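Protein chains in written order, with my numbering: chain A, 16 to 248; chain B, 580 to 799. Every residue, glycine too, gets a C-beta built ideally from N, C-alpha and C. Predicted model, so just to flag it, every value in this text is computed and none were measured. Following: one structure in structure tokens, then a few remarks.
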Amino acid sequence: MAGSEVKVLGTWASPFALRVHIALGIKSVKYEWVEENLEAKSQLLLESNPINKQVPVLIHHHKPICESLAILQYIDEAWPSAPSILPSDPHHRAVARFWAAYIDHKLFTWLKGVASAEGAEGKKVALDQVREGLVVVEAAFWKCSKGRDFFSGAGIGYLDIVLGCFLGWLYVAEKRNDVKLLDEEKMPGLAAWAIKFCQHGAVKDVMPDKDELLDYANMVFQAMPKLNGQCPS
Amino acid sequence: MAEEVKLFGSWASPYTSRVKVVLKLKGIEYENVEEDLSNKSPLLLKYNPIHKKVPVFLHHGKPIAESLIIIEYIDETWKHNPILPIDPYDRAMARFWAKFIDEKIQPAVWKTLLAGENEREAAIEEAHQLLKTLERELNGKKFFGGESLGFLDVAGNVVVWLEVSQEALGMNLLDKEKFPILHEWCQRVLDDDAFKQVMPPKEKLLAFTRARFEAFLGPK
Numbered sequence: 016m017a018g019s020e021v022k023v024l025g026t027w028a029s030p031f032a033l034r035v036h037i038a039l040g041i042k043s044v045k046y047e048w049v050e051e052n053l054e055a056k057s058q059l060l061l062e063s064n065p066i067n068k069q070v071p072v073l074i075h076h077h078k079p080i081c082e083s084l085a086i087l088q089y090i091d092e093a094w095p096s097a098p099s100i101l102p103s104d105p106h107h108r109a110v111a112r113f114w115a116a117y118i119d120h121k122l123f124t125w126l127k128g129v130a131s132a133e134g135a136e137g138k139k140v141a142l143d144q145v146r147e148g149l150v151v152v153e154a155a156f157w158k159c160s161k162g163r164d165f166f167s168g169a170g171i172g173y174l175d176i177v178l179g180c181f182l183g184w185l186y187v188a189e190k191r192n193d194v195k196l197l198d199e200e201k202m203p204g205l206a207a208w209a210i211k212f213c214q215h216g217a218v219k220d221v222m223p224d225k226d227e228l229l230d231y232a233n234m235v236f237q238a239m240p241k242l243n244g245q246c247p248s
Numbered sequence: 580m581a582e583e584v585k586l587f588g589s590w591a592s593p594y595t596s597r598v599k600v601v602l603k604l605k606g607i608e609y610e611n612v613e614e615d616l617s618n619k620s621p622l623l624l625k626y627n628p629i630h631k632k633v634p635v636f637l638h639h640g641k642p643i644a645e646s647l648i649i650i651e652y653i654d655e656t657w658k659h660n661p662i663l664p665i666d667p668y669d670r671a672m673a674r675f676w677a678k679f680i681d682e683k684i685q686p687a688v689w690k691t692l693l694a695g696e697n698e699r700e701a702a703i704e705e706a707h708q709l710l711k712t713l714e715r716e717l718n719g720k721k722f723f724g725g726e727s728l729g730f731l732d733v734a735g736n737v738v739v740w741l742e743v744s745q746e747a748l749g750m751n752l753l754d755k756e757k758f759p760i761l762h763e764w765c766q767r768v769l770d771d772d773a774f775k776q777v778m779p780p781k782e783k784l785l786a787f788t789r790a791r792f793e794a795f796l797g798p799k
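What follows is the structure, given as structure tokens:
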């Protein structure tokens, strides 16, 4: 697929757009990044994703692909040479897809819930829920990684990308609420994994600086205190 | 070599039915374990401790949960009669629209059922717009998958089940006047051999749907 035009429509703060950055990096695919302004979406974004009007969108051979998990699988299939993003074994693939769905439908929903929770009690309940979710994912980490560095083994893959994109926003929730969520004692596997993930070659240059993310979050939440979890998807 | 293939499910679950349709389309023999969802078996809870739901697929002793994930597993393991398209772009589209059905259409339909008097009209309008968006995707094709049932037709079974069972809920959300193309697609799906063998009898489904929602909402 050398010389194919590849474009990504995303925002620097979007964890879902970050997934696409990382996946294309793993495959050493050259691409053009288009930074969208979600307050004034481009014509290209509205035409490429008329249904949801959201980032990220991957445009390949002028065809748009939407939804980050569909994009990750597309990248793996359209650029099939190593390294792979999904495992090769069908059962391991099913397990990876299962946990990706859990992370997006449960863990991410709970993380958003921290931002929209009201009152000290509300915040505490929301934060506890995130912690419980991380404990569940910790167990999944040990099963998937089998003692190696990443969910996918020696290198990063689907599940690493799916969870890893939220590390910046987990940090934001920790700082804004003065708590520890990714606790080295309760989740030693994930805590060690997070450090290695952030240092990985395909991640470190594209992951947003977490303190910049925190400044951004503080600004957004200050302007709209009742906003229901500003994580553009 | 005898393979252990088991499906834990419920006759009344469209998500279980999705998997059954695919097993039928591929001619895969399996043991059907009918779960009583009001009294879930220890095995089901062991195999799906996170969600505790049906369907759960067991192959070589390893469980897989979530209907669309199970279907992708089946397609990758038994490669004949592929359910997903071959081309990566078409596969991405099928996955996108299946997610649209499960995460946008399904919740919107639920909303119309649970909405109070004041919100019902807006909820119905939202559901109608989403169904119209899906209908446009058919774009002159016999099935979403082309000439025969594919991944999105299987995922779309919840729309077919809605068409069949909506009268039990006293609603006409999928009005055949408003959605003639979707209605015709539903008829073609209902007429498909594999689908026919797996779909529960209409009266049984209507009675179940009626009873379930009366328990939920109070008799209408």
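Spatially closest choice to residue i from the options, by CA coordinates
i: A111 of chain A; options: A:H77, A:L84, A:V221, A:A209; result: A:L84
i: D198 of chain A; options: A:G137, A:L149, A:H77; result: A:L149
i: K161 of chain A; options: A:R191, A:E200, A:G204; result: A:G204
i: V768 of chain B; options: B:L741, B:D732, B:A694; result: B:D732
i: G724 of chain B; options: B:K683, B:I665, B:K781; result: B:I665
i: G719 of chain B; options: B:P686, B:G749, B:E763; result: B:E763
i: P30 of chain A; options: A:R146, A:K190, A:L185; result: A:L185
i: H36 of chain A; options: A:K201, A:I118, A:G128, A:H215; result: A:H215
i: Q69 of chain A; options: A:L59, A:H76, A:H77; result: A:L59
i: V49 of chain A; options: A:P105, A:R34, A:K22, A:E227; result: A:K22
i: M234 of chain A; options: A:L24, A:A28, A:H120; result: A:A28
i: K190 of chain A; options: A:D230, A:M222, A:I171; result: A:D230
i: K42 of chain A; options: A:K219, A:P98, A:E54; result: A:P98
i: L570 of chain B; options: B:Y626, B:S617, B:N618; result: The requested residue 570 of chain B does not occur in the structure, where chain B is confined to residues 580 to 799.
i: P223 of chain A; options: A:K127, A:I176, A:L33; result: A:L33
i: T691 of chain B; options: B:L752, B:E583, B:E756, B:E726; result: B:L752
Heavy atom of the ligand COA within 7 angstroms of residue i beta-carbon
i: I176 of chain A; result: With respect to the ligand COA, the structure offers nothing, as it holds no ligand at all.
Anticipated Cβ contact below 8 angstroms, residue i with residue j, distance rounded
i: G729 of chain B; j: I662 of chain B; result: 6 angstroms
i: P628 of chain B; j: F636 of chain B; result: P628 of chain B to F636 of chain B, Cβ: 15 angstroms. No contact.
i: P667 of chain B; j: A38 of chain A; result: Not quite, the Cβ-Cβ distance comes to about 13 angstroms (not below 8 angstroms), so this is no contact.
i: Y594 of chain B; j: P634 of chain B; result: 6 angstroms
Cβ-Cβ distance between residue i and residue j below 8 angstroms
i: I760 of chain B; j: E704 of chain B; result: no
i: A543 of chain B; j: K603 of chain B; result: Outside the displayed span of chain B (580 to 799) sits residue 543 of chain B, for which this structure offers no information.
i: Q144 of chain A; j: W125 of chain A; result: yes
i: Y46 of chain A; j: I100 of chain A; result: no
i: P71 of chain A; j: I90 of chain A; result: no
i: H806 of chain B; j: K605 of chain B; result: Outside the displayed span of chain B (580 to 799) sits residue 806 of chain B, for which this structure offers no information.
i: Y780 of chain B; j: A591 of chain B; result: In the sequence on display, residue 780 of chain B carries Pro and not Tyr. For P780 of chain B and A591 of chain B, no; Cβs fall outside 8 angstroms.
i: L73 of chain A; j: I66 of chain A; result: no
i: V737 of chain B; j: Q776 of chain B; result: no
i: E746 of chain B; j: L785 of chain B; result: yes
Run of the alpha helix (DSSP H) containing residue i, from where it starts to where it stops
i: V194 of chain A; result: Note, V194 of chain A: premise wrong, no alpha helix (DSSP H); not H, not E.
i: P79 of chain A; result: Premise fails: P79 of chain A lies in the beta strand (DSSP E), 78-81, not in any alpha helix (DSSP H).
i: G168 of chain A; result: Element bounds for G168 of chain A: n/a, residue is neither H nor E.
i: V600 of chain B; result: 593-604
i: E610 of chain B; result: Element bounds for E610 of chain B: not the alpha helix (DSSP H) but the beta strand (DSSP E), 610-613.
Element boundaries [beta strand (DSSP E), containing residue i]
i: H762 of chain B; result: Segment 759-770 is the alpha helix (DSSP H) holding H762 of chain B; no beta strand (DSSP E) there.
i: P642 of chain B; result: 641-644
Test: residue i CB closer than 8 angstroms to a CB of chain D
i: R670 of chain B; result: The question asks about chain D, but that chain is absent: this structure's protein chains are A and B.
| field | Interfacial residues, the segment 77-91 of chain A to chain B, with Cβ spacing under 8 angstroms | value | Shown in chain order are the members of the segment 77-91 of chain A whose Cβ falls below 8 angstroms from a Cβ of chain B: K78, I80, C81, E82, L84, A85, I86, Q88, Y89.
| Members of the segment 113-132 of chain A that neighbour chain B once the beta carbon cut-off is set at 8 angstroms | Against chain B - using a Cβ distance shorter than 8 angstroms - the residues of the segment 113-132 of chain A are F113, A116, Y117.
| said: What are the residues in the segment 705-739 of chain B lying within 7 angstroms of chain A by C-beta distance? | reply: T712
| task | Using a Cβ-Cβ cut-off of less than 7 angstroms, give me the residues of the segment 47-76 of chain A that come near chain B, in sequence order. | result | I66
| task | With 8 angstroms as the limit, tell me which residues of the segment 140-169 of chain A have their beta carbon closer than that to any beta carbon of chain B; keep them in chain order. | result | V151
| Of all the residues that make up the segment 93-105 of chain A, which are near chain B by a beta-carbon distance shorter than 7 angstroms? | A93, P105
| Chain-ordered residues of the segment 628-644 of chain B with a beta carbon less than 7 angstroms from chain A | Residues passing the 7 angstroms Cβ filter: I629, K641, I643, A644.
| Residues in the segment 585-600 of chain B with C-beta within 9 angstroms of chain A's C-beta atoms, listed in sequence order? | none
| Listed from N- to C-terminal order along the chain, which residues in the segment 28-40 of chain A have their beta-carbon within a distance smaller than 7 angstroms of any beta-carbon of chain B? | none
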